[in-house]
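Number of protein chains: 2
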Amino acid sequence: MATLQDLGIAAAINIVVTFLFLLAFALLKLQPINHRVYYSKLYINGLRRVGSKGDQKSRRKFLNLDLKQLKIFMPLMLLGFMVLIPVNVTDNNLSKMSHQIYYTNVDKISIANVQSGSQRLWVHLLMTYVFTIWTCFMLYKEYKTVAEMRFEFLAAEGRRPDQFTVLVRQIPVDPDESVNVHVEHFFRVNHADFYLGHQVVYNASKLVKLVKKKESAQNWLDYFQLKYARNPSVRPSRKRGFCGLWGEVVDSINYSAEQIDQLSKEAAAERERVLGDEKAILPVAFVSFKTRWGAAVCAQTQQSKNPTLWLTDWAPEPRDVYWDNLGIPYVEQNIRRLLVTGALIALILFFIIPVTFVQSLANLDGLEKIAKFLRPITERHFVRSFLQGFLPGLVLKLFLLLLPSILMLMSKIEGHVSLSMLDKVTAAKYYYFMVINVFFASILTGAAFEQLNSFVHQSASEIPKTLGNAIPMKATFFITFIMVDGWSSIAGDILRIWPLIIYHLKCMFLVKTEKDRENAMSPGSANFDIVFPQVELYFLLGTVYAIITPFILPFIIVYFGFAYIAYRHQVINVFNPEYESAAAFWPHIHNRIVASLIFEQIALLGLFSSKRAADSTPFLIGLPVLTLAFHIYCKNRFEPAFLKYPLQEAMTKDTIDKALQPDFGIKSFLQNAYTHPIFKTEDDNEESRHLQSSEDQPTLICTTRSTHAKKVVPIIT
Amino acid sequence: MATLQDLGIAAAINIVVTFLFLLAFALLKLQPINHRVYYSKLYINGLRRVGSKGDQKSRRKFLNLDLKQLKIFMPLMLLGFMVLIPVNVTDNNLSKMSHQIYYTNVDKISIANVQSGSQRLWVHLLMTYVFTIWTCFMLYKEYKTVAEMRFEFLAAEGRRPDQFTVLVRQIPVDPDESVNVHVEHFFRVNHADFYLGHQVVYNASKLVKLVKKKESAQNWLDYFQLKYARNPSVRPSRKRGFCGLWGEVVDSINYSAEQIDQLSKEAAAERERVLGDEKAILPVAFVSFKTRWGAAVCAQTQQSKNPTLWLTDWAPEPRDVYWDNLGIPYVEQNIRRLLVTGALIALILFFIIPVTFVQSLANLDGLEKIAKFLRPITERHFVRSFLQGFLPGLVLKLFLLLLPSILMLMSKIEGHVSLSMLDKVTAAKYYYFMVINVFFASILTGAAFEQLNSFVHQSASEIPKTLGNAIPMKATFFITFIMVDGWSSIAGDILRIWPLIIYHLKCMFLVKTEKDRENAMSPGSANFDIVFPQVELYFLLGTVYAIITPFILPFIIVYFGFAYIAYRHQVINVFNPEYESAAAFWPHIHNRIVASLIFEQIALLGLFSSKRAADSTPFLIGLPVLTLAFHIYCKNRFEPAFLKYPLQEAMTKDTIDKALQPDFGIKSFLQNAYTHPIFKTEDDNEESRHLQSSEDQPTLICTTRSTHAKKVVPIIT
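Taken in order, these protein sequences are the chains called A and B. Residues in the first sequence are numbered consecutively from 1, following our numbering. Residues in the second sequence are numbered consecutively from 1001, following our numbering.
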């Protein structure tokens, strides 16, 4: 086990590294060449206007999270240092047992130093209550504030297409009618007074590919023309074959121009085919209503006898739609989810193997016993400290860097239809992964290495005891982990080290035109799927160790402090949100904090029972039950605010709108809101995929056969 | 352990008893004096018309249940007898171990006779798959049929008040408006086009008491007058004091007439007070809509920002409302549920103590070892068989007879607002009780008595093994249990033995007038809360033992056969339903059958692993996962049919109604539908609690101040 000295060296290294990073940040952000990296939002805002009000709100919420966590842990740290550490230090369990196990002075100030059956454990029990009640109180207040802010935000917002629109999936096949007409008839009958119109979704994946190819060819053309203009003596040429590596030599400018021509024709033909072919229409539609009330009703009710048909949900914001997944049928989606869940479990379990190996390095004392030949190396003090304090966290971190993109891919395969949902489920996957593979694997495997004999044939009911015993032992490891993973990754985040490197590499090798330079630095959105699970993991660590080893709390508080500063800068100056979350992440965070609390209580139950403090068991069993009751209450009271739009709110906003702008043309406002972006960018002037039908039009202009041959269909009134 | 001979004697006793009961039934039902007991429905139907169509449907569904279960078990029994029993019999595990444990020939044809690690277990594995797939297939078909029948039934039904009405609870207190006006304003604003009117609910519990007292006094008066008319020489007299036992002697007829006068005045005063006092209005209302569509929308959506206010649900049928619970606030209701859950757990655990004692009697072999002095008695063959086969089940049954009323009381305390819901939750409680206290306690305690040493310090992960080992051992006990509890209780049910005795006792001692005789035989409704859990328990037994001891199946099939005959008679000739369930119980039954399947699979997993057939474990682990997937699919696909009313259905029915009866006065139809029955029976001619407000009335006649002083309030349009 690492000693306080080891920790001191590690903390010093990490603090130096962190400050170097911050210094580098201060220097780099002054260089104009890096401005695109550190102030990307300013560049973006110069180009297009981002709803700054919504930004403000979501930013404030995001930052509140960190501040609030400081709020939770600060008083606890003070209490912990004032009460628990003196209680622990003055007992002498470990010194009595020193012939049996290794211990360090970090362990000496933890609960491990309290003797079995000691009356001092009552102090810990009392502190557990204080901690639980304080956390629940803060959580309740925060949930309430966030829910109110969400409603305020939604109420203050202007008209947005998603407020009036419902995403309808699983439209059944009708042998007599096209999807287009079927949707029209269904909603005209069943939502007679509120239906405004709808937009069908085309299967445009092939068209998207063609357009992308064309854009790339266009870029090459620009590049070659620029090159030629700079140096008119040499007309650029390339080979016709794969990647220009072999084949007939041709003139580059002409070749690219030819390619563009060819691709333009193909894209146009594909457009024609998609828009003309009924089979290219997916059984999905965005149905718009005249009022928010009508949309709220449609989104919250069951439409058909078969609850797996005509599924209605709030439409995501247009920019939030993930178009590729819209067409996946219900049953397939469920099968995909089942398979992905299986794959996720396999991934989580499989990852344990390398992590186990890395963790075994973290415990040099244990390793030395097995591999004696390593002793000459590990005996050297600095090497030892370095390995103990730095290496295990770093290797683990490298593993974790690969992960988010795999998990995002899995989420995409699951078939969610909005980017926000993808972020949410990816965040959940990442969190589970980290809890199992960082937290549990570290606790159990690491400890198993020490107490292998007593651990192997453990049964389920013994798990709380096992955890309770193992957790205090791993405090040192997690302290170094917080420093390496937490502190320096935050520092790396604020430095935007990867975007910086990639941006400059791109500028050196790839950027051919000014347009390329613009594209080279995409600011990215706030990476909720990575950031939230990390914050939640540190919260879990803080919760679990708050009573057992309060010494860990200052490290976590420093982490949250750094995180607050870093993300504040990022949200204000860098990120360009892909969608407006309106605090939709909060319920997930809340749930995980409550789960952490319950986990902590169970672990303490195990620890106490192995400390032979059986008198206290009834007092501890009550806590998870009460925490669960608190959770259920919060869920019922606040969660619907994040899922449903109450009719009263909808009606109020409708009434205000009507009073302020009685003549607002809602129909033209919604006209093309949910057109696939590929059709929008291609030709804004064509009139083919307009919102179908309206009340003042007694006929329906139906464009399913062809974009040009319009068909007149009588409608039911 | 009981031998086949013991079982034979027990079966003979039980079959004789059952046939005696059936014979008695055949004789008794011919006596005209018993007609009220066996054909109560005919008497009722003579008096009032019961929706016979609805009856037919629910009856058919109810009967289907039993037939279907026969359908599930019959082929399995055949397969079990043809495949599993030969496989089991021809192995000889038990005879090898006969020096260690007691066994009988029932055990010899069970899985216990298969040697550990034998390849024969693959046959059992295969049969488990066949059984699971067959059961799931039948369940799917049945769920589909039931859901379709439910929709057909709902579609064929005539206009009913509950189709247009929503029960609104948690109406917030408004300092400026009465509940009455507040509800009116809220729904006129937020459901402007559909709101028809509403009825508030009065806290009339005191009035109900007074009216009951008055009715009793009226009955006494009738009795004394009749007595006097028959024997005019003696004018009946009684004492004024408590129960007529002491005090001044008075003339009975005058005394009763005085009492009636007094109570009439008190009741009238109380009526006046309730209807005039705003505080007597509960924050609850039945809100009616012009169309089913409007009601469906309101019932399925969230009304207000705070999801614990303005809670809307489908109103139960008027006769199904449990008025006493309407006023319970949301938070109080949740606290009540928490407390009742705690009480239920305590009840379930506490009951284990007597059951354990009774179960210990069931195992005479074990008992003899401990209490040697009993041997002379228990050695006698008939006593032994009697005790083994009859006593344990009977004592258990007596315990269980007390239970349903306690559980129903608990459910009432929980605060459910309809009788159907009360029946559902009571049935659930009763089922959990029986599973824990009959099934698990019998398996574990009985077996613990034999294998105490190996059982005491069992840990959680070992539980499947423990169950797997214990279940085959208890087959004999459950066979006798099925005979005693199942067969004869069904025979008792069809004989209506308690109602018969009570009816005749009442006729002898209590019935004073013809009206009393009518009241003496209330047919009761179908006691879903007792019948369903019983059927489910036997289904659990059948499922668990289908593979392990298929010998149990014929007993269960006989039970289901009896049950089919008995309940068929009851539903057709006896019961008078309190409400129309429209198969609303089916999802619960389905869920419990699936739970039984999963339990069986887990127990088999344990059994197989203790039989050292580890190769088969991966094949068995897949089964619960697949069964769970099946369950989730069924839940998503069919369960909403029992909870929500799809808008398409509502709209279709509205349209048909409108086409057939364009001038139907929906308002007068709904006028008094949800008036507390106490006000209805008292004075149908008063006009005070009419449905409030309508669209053709520009003013609202508000009756909150007094029944006579009408107040005119302007309304918002």
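C-beta atoms are modelled at their ideal positions from N, C-alpha and C, and glycine is treated no differently. All values derive from a computational prediction rather than experimental measurement.
Secondary structure of residue i, DSSP reduced to three states
| i | result |
| --- | --- |
| Ser178/A | coil |
| Ser1233/B | coil |
| Ser58/A | The predicted position of Ser58/A is uncertain, since its pLDDT is 45 and thus under 50; a value taken from the coordinates is nonetheless stated next. Residue state, collapsed to three classes: helix. |
| Ser610/A | helix |
| Asn1014/B | helix |
| Tyr645/A | coil |
| Thr699/A | In this predicted model, Thr699/A has a pLDDT of only 31, less than 50, meaning its place in the structure is not dependable; the value taken from the coordinates is given anyway. If DSSP states are grouped into helix, strand and coil, Thr699/A belongs with the strands. |
| Ser1304/B | coil |
| Arg1120/B | coil |
| Ile556/A | helix |
| Thr1132/B | helix |
| Ile171/A | coil |
| Ala1000/B | In the structure as shown, chain B begins at 1001 and stops at 1717. Residue 1000/B is therefore absent and cannot be evaluated. |
| His1185/B | helix |
| Phe585/A | coil |
| His1504/B | helix |
| His1569/B | helix |
| His724/A | Nothing about residue 724/A can be reported from this structure: the residues present for chain A run from 1 to 717 only. |
| Thr426/A | helix |
| Ala192/A | coil |
| Thr1549/B | coil |
| Ser1693/B | Residue placement at Ser1693/B cannot be trusted, given a pLDDT of 41 that sits under 50; the coordinates are not used to answer. |
Those residues which DSSP pairs with residue i across a bridge
| i | result |
| --- | --- |
| Arg1160/B | Its beta-bridge partners do not exist; DSSP assigns none. |
| Tyr202/A | Ile281/A |
| Thr165/A | Ser288/A |
| Ser1418/B | Val1321/B |
| Gly197/A | Ser288/A |
Continuous beta strand (DSSP E) stretch holding residue i: start and end
| i | result |
| --- | --- |
| Thr480/A | Per DSSP, Thr480/A belongs to no beta strand (DSSP E); it is in the alpha helix (DSSP H), 475 to 481. |
| Thr1312/B | 1311 to 1314 |
Range covered by the alpha helix (DSSP H) that runs through residue i
| i | result |
| --- | --- |
| Leu326/A | Unbroken run through Leu326/A: none, as it is neither H nor E. |
| Val250/A | Element bounds for Val250/A: not the alpha helix (DSSP H) but the beta strand (DSSP E), 249 to 251. |
| Phe440/A | It is not in any alpha helix (DSSP H) - Phe440/A carries neither H nor E in the DSSP assignment. |
Stretch pair the segment 200 to 211 of chain A + the segment 281 to 293 of chain A: three plus CB contacts closer than 8 Å: yes
Ranges of the alpha helix (DSSP H) found wholly within the segment 1630 to 1674 of chain B, counting only runs of at least 4: 1640 to 1643, 1647 to 1660, 1666 to 1670
Is there contact between the segment 622 to 641 of chain A and the segment 140 to 155 of chain A, where contact requires at least three CB pairs shorter than 8 Å? Yes: at least three Cβ pairs fall under 8 Å.
I'd like to know if the segment 208 to 220 of chain A and the segment 246 to 264 of chain A are in contact, where contact means that at least 3 CB-CB pairs between them fall below 8 Å. Taking a contact to require three or more Cβ pairs closer than 8 Å, the segment 208 to 220 of chain A and the segment 246 to 264 of chain A qualify as touching.
Sufficient close CB pairs (3 or more, under 8 Å) joining the segment 326 to 335 of chain A to the segment 1655 to 1672 of chain B: no
State whether the segment 1337 to 1353 of chain B contacts the segment 170 to 185 of chain A, with contact taken as three or more CB pairs (one from each stretch) at a distance under 8 Å. no
Taking contact to mean at least 3 C-beta pairs separated by less than 8 Å, is the segment 1543 to 1555 of chain B in contact with the segment 1470 to 1478 of chain B? yes
Are the segment 1622 to 1630 of chain B and the segment 1479 to 1488 of chain B touching, with three or more C-beta to C-beta distances below 8 Å? no
Validate contact between the segment 1428 to 1441 of chain B and the segment 1532 to 1544 of chain B using beta carbons, cut 8 Å, 3 pairs: These segments touch.
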